[in-house]
Structure formats: structure tokens, C-alpha cells
Amino acid sequence: KARGYKPGRFSFNVKGGRCEACHGDGVIKIEMHFLPDVYVQCDVCKGRRYNRETLEITFRGKSIADVLDMTVEEGLEFFKAVPIIRTKMETLCRVGLSYIHIGQQATTLSGGEAQRVKLAKELSRKATGKTLYILDEPTTGLHFEDVRKLIEVLQALVDQGNTVIVIEHNLDVIKTADHVIDLGPEGGLKGGYIVAVGTPEEIAKMPESFTGQYLDRCFKKEN
């Protein structure tokens, strides 16, 4: 405040506090013509995205570049006394994204991670109970424990009165669904047909369904 800096000073999307050599990206794109473009670290800011004056401002000993380099889990601990930030970090952890960096570029996220970021954003909003969510394989790349967390989040959305449609192969997700539509019987040209419809327990009793066969084994292991 003493320097007259406003919030925009700490955004790498606008001029003012960012490094203008790389426009706040931290990297420089080198076009290779017939080959894929190559990205190299910016020589001016050394990948930190901001100019020297901006990096001189610190909060609890950390500059904005240091904060953006933290993982969500580290950010949760660092900002535990700042409710408005802490709640956002907690929500990202709930959907199994504790390991991503706060300043990670959206283009480097996998499809499943990007969906979970959007899911976290929805969870931070005031619930209306009238929203339809469609997710395409959100468990991709997740550890078993993170899958469990994701299922809890999806169930919370349903408990609020929302509808969640998930395209998924993960049995842990399928067996917790209220209703299953099994498409097959194979992939590609041999698929696309409705093989079975019902609750997970009903699908497990249908031998013509490959998903049902695996669900049956899954339920028998649990019992």
C-alpha cells in the first residue's frame, strides 16, 4: 500500500507487476517451424514471472512467485489464518488436487485435473440444488485415496439435490452410482449399444454385461 500497489500489480495477466520480457509466462516460446514449439526459461525473470519491484513485496517472508510455486497442500498450511484463501485450498484438496502448484498453467493440467478444478470452483459457490454436472473420467491419474475423496465430493453434490452424470470405467465410482447405463459390448465399431441398465447391484447380476461381471466380483470380495 505504501508503494501504491493495487491487486493488479500481482497478476501476471496484466502489465504493471509482471515481467514484460515473457509477458508473465516465465518462459519464452521458440518457434521451430516444422517441429513442435520449444519453451525455454525467461532469462530476465528466471521463470518467476514478475519484475524485481513486485518480488520485493513479501507476505510472511514469501513473494508472490514463492506463493504461486507452492503446492495446494503447502498453500493450505501457509494461508490457514486467511479464511477466504484457506477455504479455496481446502476445496481443491477435497477433490484430490493437493499436489498441483497454485500457479500451475491450465494448459499443463490433464483432462481429469481440469475437470476437478472446475468441480472445486462449483463447490465453493452457494449450492442451488438444481445443477446438472457431466464429468468425463474424472478419476484419471488418481490414487485410490484421492478417488475416495472425489466420490465423497460427488455424493455431496447429489445430497444437495444436484444431478451428476459420470462417464467412467473405475469400479469404485460405478458401484456407488444410483443408476448405471452400461454401453458396449466392445469398443469402437463393436460398441455403442446399451447392454444393461439399472442399479450397480442389478447390473452385477447380468452376465451379458462385462461391467456387471466385474461388479459381481467386486461385491463378492466385499462380502
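Position one of the sequence shown corresponds to residue 1 (UniProt numbering), numbered consecutively onward. Backbone N, C-alpha and C fix where the C-beta goes; we use that ideal spot for every residue, glycine too. All figures in this text were calculated on a predicted structure; none of them were measured in a lab.
{"query": "Beta-carbon proximity of residue 182 to residue 211, cut-off 7 Å", "result": "yes"}
{"query": "Contacting residues, own chain, Cβ-Cβ under 6 Å from residue 43 (five flanking each side not counted)", "result": "none"}
{"query": "Through-space distance from residue 6 to residue 209, alpha-carbon basis", "result": "59 Å"}
{"query": "Cβ-Cβ distance between residue 75 and residue 142 below 7 Å", "result": "no"}
{"query": "CB of residue 70 within 7 Å of CB of residue 28, strictly", "result": "no"}
{"query": "Alpha-carbon spacing of residue 52 relative to residue 14, whole angstroms", "result": "16 Å"}
{"query": "Endpoints, the beta strand (DSSP E) within which residue 88 is located", "result": "From DSSP, residue 88 is part of no beta strand (DSSP E) but of the alpha helix (DSSP H) over 83-94."}
{"query": "Nearest-angstrom Cα separation, counted from residue 19 out to residue 11", "result": "10 Å"}
{"query": "Own chain partners of residue 47 with C-beta closer than 8 Å, once the 5 adjacent residues on each side are dropped", "result": "26, 27, 41"}
{"query": "Distance CB(residue 67)-CB(residue 100) smaller than 7 Å", "result": "no"}
{"query": "Beta-bridge partners of residue 41, as assigned by DSSP", "result": "27"}
{"query": "Nearest to residue 153 (by Cα), restricted to the options 136, 122, 140", "result": "122"}
{"query": "Classification of residue 231 by the beta-carbon crowding that lies within 10 angstroms, buried from 16 upward", "result": "No answer is possible for residue 231: the residues shown for the chain start at 1 and end at 223."}
{"query": "Integer Cβ distance of residue 133 from residue 162, believed to fall under 8 Å", "result": "6 Å"}
{"query": "Beta-carbon contacts of residue 157 that lie in its chain and below 6 Å, excluding the five residues immediately before and after", "result": "164"}
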